[in-house]
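Residue numbers (the working numbering), protein chains in the order written: chain A, 1077 to 1214; chain B, 1077 to 1214. Where is the CB? At the ideal position from N, CA and C, for every residue including glycine. Everything below concerns the one structure shown next.
There are 2 protein chains.
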Amino acid sequence: MGLQLTRGGEYAIRAMTYLARYPEGHVASLRDIGRAQEIPESFLAKILQSLVHAGLAVSQRGAHGGFALARPAEQITMRDVIEAVDGPISVNLCTLDPEECKRSSTCEVHKAWLRAQEQLMDVLGGVTLKSLAPQPVA
Amino acid sequence: MGLQLTRGGEYAIRAMTYLARYPEGHVASLRDIGRAQEIPESFLAKILQSLVHAGLAVSQRGAHGGFALARPAEQITMRDVIEAVDGPISVNLCTLDPEECKRSSTCEVHKAWLRAQEQLMDVLGGVTLKSLAPQPVA
DNA sequence: GCCAACAGGACCGTTTCACTCCGGTCTCGA
DNA sequence: TCGAGACCGGAGTGAAACGGTCCTGTTGGC
Ligand code: SF4
Ligand code: SF4
């Protein structure tokens, strides 16, 4: 199996959709999220840190602290989330930076990968957390 | 960087497009292919074996032996080649076999991944070696 | 000041990646 | 017939990535 998402990316999306189910600004603790979405808590900690660093989530320390979305759920896409934890999506060496392969200027295959990449980005960039969340919870 | 093709997959496509430049049935040796496409030869050996096993290439042993496409270049796609060496393409756990994740039946994210997978397959399955080969060499 | 909760960095076992090596086998052709 | 040329196939390998864990801060509410 190739071309597959990492576990970290999958968990990140689960965590973010969990937050998206609640009203804007709702804070949930690491533990809440981990329990609800069945994500190992110590691993989730790392993932949430990445999301905070990327500016997609905000954290609140101290008692009653936790995590919340940094902006409305309709303004965060699957692509944003995945790239925050796994780094930029690049379906082949040459799709992120054509300089990586000296053949790229004349390579027909390169063009095919660019199309593939674009399609993938379109799908992932077109899905917002809002559209992923089940009926909101009050 | 996530969701990226392996080197093996990339090399496989290079090797196959090399074969596709020649008239049907043309045999090229491991060494020829490796030199022309700048692929480490001992690694290429493994890759070509996978392609032969998958029925995409045929091999000829003994002096003047080598490899050739098993069918016309217009009947082999990028998808075929990649799956032969890297195994089935699956963009997430749940896209190959929904049973892998018990959430899949109700998961909205799952549907998004299915769309992404389909788009990717469409692109890769729509590109034949014929269309990738530069002007054929006599 | 205590306790709840995140921050951040070190660590770690396993798997995958990207190759390499080598003995074996087949085949042509001199 | 015999040997050089070429693939077969399985084992091995070093480095890196994956998928976590742990532990010591630090912060903030009550
Ligand atoms: S697809 Fe073409 S340009 Fe891209 S890495 Fe392969 S050879 Fe280079
Ligand atoms: S996307 Fe949904 S169905 Fe697929 S693995 Fe993640 S949770 Fe499971």
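Since Ala1144/B is in the beta strand (DSSP E), which residue starts that stretch and which ends it?
Unbroken beta strand (DSSP E) run through Ala1144/B: Gly1142 to Leu1145.
Does the separation of the CB atoms of Cys1177/A and Leu1190/A fall below 8 Å?
No. Outside cutoff.
Run through the DSSP bridge pairs and tell me what Ile1165/B is partnered with.
Gly1078/A
What are the boundary residues of the alpha helix (DSSP H) that includes Ser1207/B?
Leu1205 to Leu1208
Given this structure, state the Cα-to-Cα distance separating Arg1179/B from Ala1192/B, to the nearest angstrom.
One C-alpha to the other measures close to 18 Å.
In its own chain, which residues sit with a C-beta less than 8 Å from the C-beta of Ala1121/B, not counting the 5 before and 5 after it?
Non-local beta-carbon contacts of Ala1121/B in its own chain, meaning distances under 8 Å to residues more than five positions away in sequence, involve Leu1106 in chain order.
How many Å lie between Ala1104/A and Ala1096/A at the Cα?
11 Å
Does the Cβ of Ser1180/A lie closer than 7 Å to at least one heavy atom of ligand 1?
yes
State the Cα-Cα distance for the pair Phe1143/A and Tyr1098/A, rounded to the nearest angstrom.
Using only the alpha carbons, I get a separation of about 12 Å.
Just confirm the distance between the C-beta atoms of Val1185/A and Ile1089/B, as a whole number of angstroms; I'd bet it's less than 8 Å.
Confirmed, about 6 Å.
Quick one: which residues of the region 1086-1114 of chain A get their C-beta closer than 8 Å to a C-beta of chain B? List them in chain order.
Glu1086, Ile1089, Arg1090 and Thr1093
Could you check if Trp1189/B belongs to the surroundings of ligand 2, using beta carbon to heavy atom distance under 7 Å?
yes
So which residues of chain A does Asp1162/B contact, with C-beta pairs closer than 9 Å?
Neighbours of Asp1162/B across chain A, judged by C-beta separation under 9 Å: Met1077, Gly1078 and Leu1079.
Let me know if Asp1156/A comes out buried or exposed under the rule of 16 or more other beta-carbons within 10 Å of its beta-carbon.
buried
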